[in-house]
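Just so we're aligned: 6 in the numbering used here is position 6 of the sequence shown, and the numbers increase by one with no gaps anywhere. The beta-carbon is built from N, C-alpha and C at its ideal position, and this holds for glycine as well. To keep things clear, I will list the structure first and then write my remarks on it.
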Amino acid sequence: MPNEKNTDCQSARPYRLENTIQNYAWGTRNHEAYIAKLLGINPEPGQAYAELWMGVHPNAPSSIIDLEEGPLSLAKWISERPQERISGGGRQTALPYLFKVLSAGEALSIQAHPNKLQAESLHQLDPEHYPDDNHKPEIAVAIDHLDALVGFISDQEFFVLLETYPELKSLINRNSEPTANLKEGVQVLFHVEEHDEKSIALTTNQIQQRLSQKNNPDETEILFLDQFEKRGPEDIGLLFIFLLNRVKLGPGEAVFLAPGVPHAYLKGNIIECMANSDNVVRLGLTRKFCDAKALQDILVYDGGSDFRVTQSRQGHLSEYASPVSEFRIKSLDLAEGQSELFTSRTSLTMFLIVEGELSLHWGGENNSCTCILKQGHSFITPANLSEFDMLARLDSKLYLVEIP
Numbered sequence: 001m002p003n004e005k006n007t008d009c010q011s012a013r014p015y016r017l018e019n020t021i022q023n024y025a026w027g028t029r030n031h032e033a034y035i036a037k038l039l040g041i042n043p044e045p046g047q048a049y050a051e052l053w054m055g056v057h058p059n060a061p062s063s064i065i066d067l068e069e070g071p072l073s074l075a076k077w078i079s080e081r082p083q084e085r086i087s088g089g090g091r092q093t094a095l096p097y098l099f100k101v102l103s104a105g106e107a108l109s110i111q112a113h114p115n116k117l118q119a120e121s122l123h124q125l126d127p128e129h130y131p132d133d134n135h136k137p138e139i140a141v142a143i144d145h146l147d148a149l150v151g152f153i154s155d156q157e158f159f160v161l162l163e164t165y166p167e168l169k170s171l172i173n174r175n176s177e178p179t180a181n182l183k184e185g186v187q188v189l190f191h192v193e194e195h196d197e198k199s200i201a202l203t204t205n206q207i208q209q210r211l212s213q214k215n216n217p218d219e220t221e222i223l224f225l226d227q228f229e230k231r232g233p234e235d236i237g238l239l240f241i242f243l244l245n246r247v248k249l250g251p252g253e254a255v256f257l258a259p260g261v262p263h264a265y266l267k268g269n270i271i272e273c274m275a276n277s278d279n280v281v282r283l284g285l286t287r288k289f290c291d292a293k294a295l296q297d298i299l300v301y302d303g304g305s306d307f308r309v310t311q312s313r314q315g316h317l318s319e320y321a322s323p324v325s326e327f328r329i330k331s332l333d334l335a336e337g338q339s340e341l342f343t344s345r346t347s348l349t350m351f352l353i354v355e356g357e358l359s360l361h362w363g364g365e366n367n368s369c370t371c372i373l374k375q376g377h378s379f380i381t382p383a384n385l386s387e388f389d390m391l392a393r394l395d396s397k398l399y400l401v402e403i404p
């Protein structure tokens with residue numbers, strides 16, 4: 001940051017972040033690699049750019065950029081003086097959230113996240129696959145768009161589904177009275193997978209053979225056929241494609257995923273914020289470890305629910321409602337020449353600029369300290385920086401995370 005010799009500028013100031021890109025296979029590639037475009041880097045040919053992590057999770061921790069000392073661990077930097085850096089009120093001693101950009105070029109696994117007690121139990125029983133003991137409620141905000149599966153369909157839709165796909169109906173009702181609701185149907189599928197996996201493959205093969213001859217398959221059937229080619233007939237996640245709601249978000253729209261809500265992101269570029277965890281209980285549509293047994297214990301069945309998030313706008317800021325204590329996420333839209341003043345601050349805030357360029361001013365009544373921040377830059381403002389002002393040099397859009 002500029003003004004390095006001005007002690008007034010140094011005692012409380014913003015810090016740029018240096019973050020880690022995760023190259024999971026489902027990420028976008030080449031000219032579609034959104035994260036590479038955001039950061040202004042040339043994508044490595046064929047490399048997948050899936051997620052950009054901003055936070056202190058040990059799987060991919062961020063560093064702060066210090067011109068004198070070089071990169072410093074964000075977690076260590078916070079721990080040295082938590083009162084002034086993360087929480088002026090002393091409520092927090094570590095960063096409670098993980099902030100991400102996620103760029104999906106193809107479907108992620110069908111998954112759900114445990115609540116806090118379930119996460120503690122899973123971590124104790126299987127620390128290899130559940131590396132921490134924290135829950136992972138999360139919010140997803142579409143940067144441009146998001147196509148996803150979120151939550152179960154309603155019981156009424158389930159009964160219509162069974163008539164539409166007799167192969168699935170035959171599998172679910174094969175050894176008992178007709179199922180009374182979707183939850184019973186899902187439990188039957190889990191039982192079949194555990195005791196008669198061949199029947200899963202037989203059913204998906206039958207559906208695939210019929211749909212491949214259909215003249216005008218719908219978007220769910222197209223997704224099934226595409227995933228069948230990629231995963232093979234044994235993946236139970238193929239059947240769950242029909243049991244989950246298809247949700248499509250436009251720019252700025254969001255969904256909140258509470259513990260136990262099954263979901264799979266299919267395609268799109270989003271901002272994500274979650275409790276500081278990487279716990280994922282997977283069901284299918286992946287080559288990674290799946291844990292149907294654990295998933296049975298954590299799934300919630302609130303079919304037909306609307307998981308979309310309401311927004312409240314005040315001036316240039318929009319806040320996304322999320323019923324958690326770890327984070328509060330907002331977006332900030334500034335046209336060229338507009339400014340936003342942040343005052344009475346008592347906790348750390350993390351920012352990401354997705355469009356534009358701005359100047360940030362701080363340092364007493366005259367705001368004599370200044371730095372320039374551009375698209376792709378992420379930065380934090382610590383708790384002891386009680387006031388600062390942002391001025392848009394170009395039309396700009398930012399996302400920011402605060403601690404409630």
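- Per DSSP, the beta bridge partners of arginine 16 are Phe379.
- The criterion of a C-beta distance shorter than 8 Å is satisfied by methionine 274 and glutamate 138.
- Between glutamate 319 and serine 325 the beta-carbon gap is near 15 Å, outside 8 Å, which marks them as no contact.
- For the pair of segments examined, the segment 119-138 was found not to touch the segment 232-248: the number of CB pairs separated by less than 8 Å stays below three.
- Taking C-beta atoms under 8 Å as the contact rule, threonine 381 and proline 14 qualify, at a distance of about 5 Å.
- Apart from the 5 residues on each side of it in sequence, arginine 308 sits with its Cβ closer than 6 Å to the Cβ of Val255 in its chain, given in chain order.
- Taken through DSSP and simplified to helix, strand or coil, glutamate 177 comes out as coil.
- Within the same chain, Cβ atoms closer than 7 Å to the Cβ of proline 404 are found at Ser325, Arg328, the five residues on either side in sequence being excluded.
- Look at the segment 26-51 and you find no whole run of beta strand (DSSP E) that is 3 residues long or longer.
- With a cutoff of 8 Å on beta-carbon distance, isoleucine 270 and isoleucine 143 are scored as near each other.
- Residue pairing by DSSP leaves histidine 57 without any beta bridge partner.
- In this structure alanine 321 is exposed. Its beta-carbon is surrounded by fewer than 16 other beta-carbon atoms within 10 angstroms.
- Distance from the CA atom of glutamate 357 to the CA atom of glutamine 209, rounded to whole angstroms, is 53 Å.
- Residue nearest to tyrosine 24 within the set Ser11, Asp8, Glu51 is Glu51 (criterion: CA-CA distance).
- With fewer than 16 other beta carbons inside 10 angstroms of its own, glutamine 83 counts as exposed.
- Residue range 244-249 is occupied by the beta strand (DSSP E) that includes asparagine 245.
- As the crow flies, the alpha-carbon of glutamine 375 is around 25 Å from that of tryptophan 77.
- Judged by DSSP in its simplified three-state form, phenylalanine 159 adopts helix.
- Linking glutamate 177 to glycine 252 through their CA atoms gives a straight-line distance of about 45 Å.
- The continuous alpha helix (DSSP H) containing threonine 204 extends over residues 197-211.
- By alpha-carbon distance to threonine 164, the top candidate from Lys183, Thr220, His361, Ala112 is Thr220.
- Residue nearest to leucine 161 within the set Leu125, Glu128, Glu193, Ile207 is Ile207 (criterion: CA-CA distance).
- One thing to note: alanine 104 has its Cβ within 8 Å of the Cβ of lysine 267.
- In terms of Cβ geometry, histidine 129 and aspartate 291 form a close pair [threshold 8 Å].
- The Cβ atoms of valine 280 and histidine 113 lie closer than 8 Å to each other.
- Sequence-distant partners of aspartate 147 (beyond 5 residues in either direction) whose C-beta falls short of 7 Å from its own C-beta, in its chain, are Lys248, Leu266, Lys267, Gly268.
- In this structure threonine 203 is buried. Its beta-carbon is surrounded by 16 or more other beta-carbon atoms within 10 angstroms.
- By a beta-carbon distance limit of 8 Å, alanine 12 contacts asparagine 384. Their separation comes to about 4 Å.
- The Cβ atoms of valine 150 and leucine 244 lie closer than 8 Å to each other.
- Bounds of any alpha helix (DSSP H) do not take in arginine 91, whose DSSP letter is neither H nor E.
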